[in-house]
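Residue numbers (this note's numbering): 18 to 89.
In this text, a Cβ means the ideal position worked out from N, Cα and C, and glycines have one as well.
Since we're looking at a predicted model, the values are computed, not measured.
So the structure is just underneath, and the comments pick up after that.
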């Protein structure tokens with residue numbers, strides 16, 4: 018499953034958590050976990066054939082994007 022947190026600004030929140038832990042505002046990551054809330058969760062619904070075909074299509078699309086720009 019894919020889970021989306023209630024707070025969308027996870028990068029800023031992570032920086033704040035790191036600073037808070039470093040300064041002793043929080044003493045353990047368990048305290049931080051109490052602040053986390055889930056907004057929404059998605060569960061996979063594709064069967065094996067759909068998953069295989071979707072992944073094959075994604076790989077094909079990625080392959081087509083490679084090598085079209087000369088960096089030199």
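Rounded to a whole number of angstroms, what is the C-alpha to C-alpha distance between residue i and residue j?
i          : j          : result
residue 85 : residue 39 : 45 Å
residue 36 : residue 47 : 15 Å
residue 65 : residue 75 : 15 Å
residue 26 : residue 33 : 11 Å
residue 61 : residue 18 : 6 Å
Would you identify the three-state DSSP class for residue i, choosing helix, strand or coil?
i          : result
residue 19 : strand
residue 87 : coil
residue 55 : strand
residue 33 : helix
What are the boundary residues of the alpha helix (DSSP H) that residue i is part of?
i          : result
residue 75 : 65-82
residue 48 : 46-50
If distances are taken between C-alpha atoms only, which option among the options comes closest to residue i?
i          : options    : result
residue 52 : 60, 43, 59 : 43
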